[in-house]
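Chains as they are written, first to last, in my numbering: chain A, 1 to 262; chain B, 263 to 543. Just so it is clear, CB atoms sit at the ideal spot from N, CA and C, and this is done for glycine as well.
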């Protein structure tokens, strides 16, 4: 018992100290660095403070995040209804399958040149590509979620003769929600990749544009600061999604917990 | 968290396509819909530019795209691009496996080690590897190394996470039972840990394979490393729009081949596993 308590305390200590130790090691190892590629961490943090607190937030972070939000929202608005629709009919899915399989296997960035040709280099192109990149994980997990609905629930709904609308809004979508969130998580990561790349290829603002132009002007501390910022954005967005998921799926966790305890 | 790693979730297959182990019959209801829908899409993309809704300079008719695609099949440059892309993909995936599997096994079976590194992994994992592109270009130039680095960095995380979960998910009762029957460490690894790890690892491998391809093509597109991605962008800048579409078509086909190969492997190695039994009841 005591050994276990000790172990768990040791675990906690390690969990806090190891990341700190890594940052400290980076700080010390890079302190006197004269390497062009790996400037001292202190210099990177200085540059980080100068650019991201807060002069470049409005000019680069906000446009990137707006594009991501728009693309992500469009993807959800298309993928969830389409996923529910395609899982209602075997015939429909058989017809859609080859097209869905092709589009989802196509690496999203390969479509950037196509987007430029078709739509131009504005925000519209980026939002369309972000939406495309986010669409398929959500579509497929929605279908998966609908397919894995408890047969008892399915029969109950049939016995209760719920209207189609009630059936979809009150039973099918909520029951598929845990799976849909797994898709959203994948999509968010893909969406951020699409944001950064589309801004690197053709843009005048955004975090992707920022790091690439810092690199092109050989401002290495700024480039590192931008990379750090993109990392932080990724981390923050994924944390945000976890919060939303916990909130929306509270009933799901609760019902699972009660099923376990009974 | 656990729900996001269940293999069936990300399998992306519409379940129950082959209900109850019935042999798939070659009937019209099965074969016609996909053929009809593909033809319909091709017809639509043939008509859009022909009628003039979209300019043919932006979107050439599908027959021309297919023509160009077929004529590409006999050029050396096309196969060199395919080879470059596959090479970057395979090296990236290979490096990711070499890093993620041993590390995942170690972290999964040593709780203390996992706790020590958990925050570091959780922090590094959501970082889009594309953020590293500018640095990678400076360090490794615009060749194969750069895109392999990106692909390996991106593909390592999904596999690592899956392996860690897989090892941790081993039923402790099974391990204890094995111990009671006097199975040694190696035997327990082979007979208990490995089978319960496999579905997670197979899913992780499939995701890693897709990620590796995505980042290889991205590297080619943004950095300019030779391969399909680079040629697509080259075709755009030289206004060879039809060629651009044909190469995008080729990239999609490469993606389908990789995707379905890994999904088939996943299904084949795991035929016995509950996640692959389609309709149990």
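Put simply, the CB of residue 299(B) is near chain A, with a gap under 7 Å to one of its CB atoms. In this structure the stretch 456-464 of chain B touches the stretch 426-441 of chain B; the number of beta carbon pairs closer than 8 Å is three or more.
Cβ contact annotation for residue 492(B) (same chain, cutoff 6 Å, sequence separation greater than five): 482, 486, in chain order.
Interface with chain B (7 Å Cβ-Cβ cutoff): residue 227(A) is included.
By the criterion of at least three beta-carbon pairs nearer than 8 Å, the stretch 345-358 of chain B is in contact with the stretch 411-431 of chain B. One finds 378, 379, 381, 382 in chain B with Cβ atoms closer than 8 Å to the Cβ of residue 18(A), taken in chain order.
The Cβ of residue 517(B) sits closer than 7 Å to at least one Cβ of chain A. In terms of beta-carbon proximity, residue 480(B) lines the interface with chain A, with at least one pair separated by less than 7 Å.
Closer than 9 Å at the C-beta level to chain B, one finds these residues of the stretch 80-109 of chain A: 86, 87, 90, 91, 92, 93, 94, 95, 96, 97, 98, 99, 101, 102, 103, 104, 105, 106, 107, 108, 109. Residue range 207-216 is occupied by the alpha helix (DSSP H) that includes residue 210(A). Taking C-beta atoms under 8 Å as the contact rule, residue 331(B) and residue 512(B) qualify, at a distance of about 7 Å.
Residue contact check for residue 196(A) against chain B: a CB pair falls below 7 Å.
The C-alpha of residue 68(A) is placed about 16 Å away from the C-alpha of residue 121(A). Distance from residue 36(A) to residue 220(A) at the Cβ level is roughly 6 Å; contact confirmed, criterion being Cβ atoms closer than 8 Å. Taking CB atoms only, residue 389(B) has a neighbour in chain A less than 7 Å away. Closest by C-alpha distance to residue 294(B), out of 90(A), 16(A), 116(A), is 90(A). Closest in C-alpha terms to residue 351(B), from the list 415(B), 289(B), 393(B), comes 415(B).
In the three-state DSSP reduction, residue 448(B) falls in the helix class (H, G or I).
In this structure, residue 116(A) sits away from residue 198(A), with a CB-CB distance that is not shorter than 7 Å. In the DSSP assignment, residue 485(B) falls within the unbroken alpha helix (DSSP H) covering 456-485. Shown here, residue 173(A) sits in a helix according to DSSP, grouped into three states. For residue 212(A), at least one C-beta of chain B is nearer than 7 Å to its own C-beta. With a cut-off of 8 Å on Cβ pairs, the stretch 368-378 of chain B is in contact with the stretch 8-22 of chain A, counting three or more such pairs. Using a Cβ-Cβ distance cut-off of 8 Å, the stretch 295-302 of chain B and the stretch 469-483 of chain B are not in contact, since fewer than three pairs of beta carbons, one from each stretch, lie closer than that value.
In this structure, the beta-carbon distance from residue 392(B) to residue 196(A) falls below 7 Å. In the structure shown, the three-state DSSP call for residue 240(A) is helix. Residues of chain B whose Cβ lies closer than 9 Å to the Cβ of residue 209(A) do not exist, since the nearest Cβ in that chain is about 11 Å away. Here the alpha carbons of residue 144(A) and residue 499(B) stand approximately 40 Å from one another. Distances from the alpha-carbon of residue 305(B) to those of 320(B), 326(B), 521(B), 348(B) put 326(B) closest. In this structure residue 227(A) touches residue 397(B) by the C-beta definition: roughly 7 Å separates them, less than 8 Å. A Cβ-Cβ contact shorter than 7 Å links residue 131(A) with residue 75(A). Distances from the CA of residue 239(A) to each of 126(A), 166(A), 189(A) were compared; the closest alpha carbon is that of 189(A).
DSSP places residue 334(B) inside the alpha helix (DSSP H), whose first and last residues are 324-334.
The C-beta of residue 245(A) has 16 or more other C-beta atoms within 10 Å across all chains shown, which makes the residue buried. The C-beta of residue 494(B) comes closer than 7 Å to at least one C-beta of chain A.
According to the DSSP assignment, residue 52(A) belongs to no alpha helix (DSSP H), since it is labelled neither H nor E.
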